[in-house]
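If you number the sequence shown the way this note's numbering does, the last residue is 244 and the count never jumps. Glycine residues also receive a C-beta, built at the ideal position from the N, C-alpha and C atoms. In this text the structure is predicted, and so the values were computed from the model without any measurement. Reading through the structure tokens given below for one structure.
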Amino acid sequence: MKRYYIYIIITLFWVVVATATAQQEAEPIRITDVVFKIDDDSLQLNCRIQLTGIEIKTYQSLELALAIEAGEKKALLPPIVYAGRLRHRYDERRRNLYGQINALKPYQVYTTVRKENVYTLDYQAKIPYGHWLDQAALTLQQTFESNGYVMKDKQVLSDNLRN
Numbered sequence: 082m083k084r085y086y087i088y089i090i091i092t093l094f095w096v097v098v099a100t101a102t103a104q105q106e107a108e109p110i111r112i113t114d115v116v117f118k119i120d121d122d123s124l125q126l127n128c129r130i131q132l133t134g135i136e137i138k139t140y141q142s143l144e145l146a147l148a149i150e151a152g153e154k155k156a157l158l159p160p161i162v163y164a165g166r167l168r169h170r171y172d173e174r175r176r177n178l179y180g181q182i183n184a185l186k187p188y189q190v191y192t193t194v195r196k197e198n199v200y201t202l203d204y205q206a207k208i209p210y211g212h213w214l215d216q217a218a219l220t221l222q223q224t225f226e227s228n229g230y231v232m233k234d235k236q237v238l239s240d241n242l243r244n
């Protein structure tokens, strides 16, 4: 009977540890405090982007690209890049030899991203205002690159910029 109670206690302990770990790893990328502001003829986006619990190895990179989309129209915002030391060096070399890889210069580049660190960025972007923005959605494109392997994921963060 004593063994039975010890087994139950150990099992409950591991369930609690597994649950706590899963909750920590549930949201490694958080985008909060999203505010849209219309000034005269421009739309300004302010938000806070936080990356926690992710380690980027030296040959890997993670790019977070925000965009405002409505149907066929799309406004790309400068991306945030989390890159390993060697990947950052390769990308800089390629950029110097062949010009800008992406159409947009990165808003912020972080190198040597460690799992135990928290990376917080207050993001601000401004684009010219158009009537199509009334029905636009804010999206996030995540691109993970590792030795030629590229994985992309797209999420809609806000259905309507007016709300």
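Judged by DSSP in its simplified three-state form, Leu167 adopts helix. Burial check for Ser142: the Cβ neighbour count within 10 Å reaches 16 or more, so the residue is buried. The C-alpha of Asp121 is placed about 42 Å away from the C-alpha of Glu197. In this structure, Leu214 keeps its C-beta atom at 8 Å or more from the C-beta atom of Val115. Exposed is the label assigned to Tyr179, since fewer than 16 other Cβ atoms lie within 10 Å of its Cβ.
Annotation for Thr201: Arg129, Gln131 place their beta carbon closer than 7 Å to its own, counting only its chain and skipping 5 residues before and after. By the neighbour-count criterion, in which 16 or more other beta carbons inside 10 Å mark a residue as buried, Pro160 falls on the buried side. The residues Thr139, Thr192, Thr193, in chain order, have a CB closer than 6 Å to that of Arg166 in the same chain once the five nearest residues on each side in sequence are set aside.
Looking from the CA of Gln205, the closest CA among Tyr188, Arg170, Gln223 belongs to Tyr188. For Pro209, the uninterrupted beta strand (DSSP E) run begins and ends at 199-209, by DSSP. In the three-state scheme derived from DSSP, where H, G and I count as helix and E and B as strand, Glu108 is classed as coil. Collapsing the DSSP output to three states places Leu157 in a strand. From the listed residues Lys118, Leu126, Leu157, the smallest Cα separation to Ile112 is found for Leu126.
By the CB criterion at 8 Å, Ala217 and Ala146 fall outside the cutoff.
In the structure shown, Tyr230 adopts extended strand secondary structure according to DSSP, grouped into three states.
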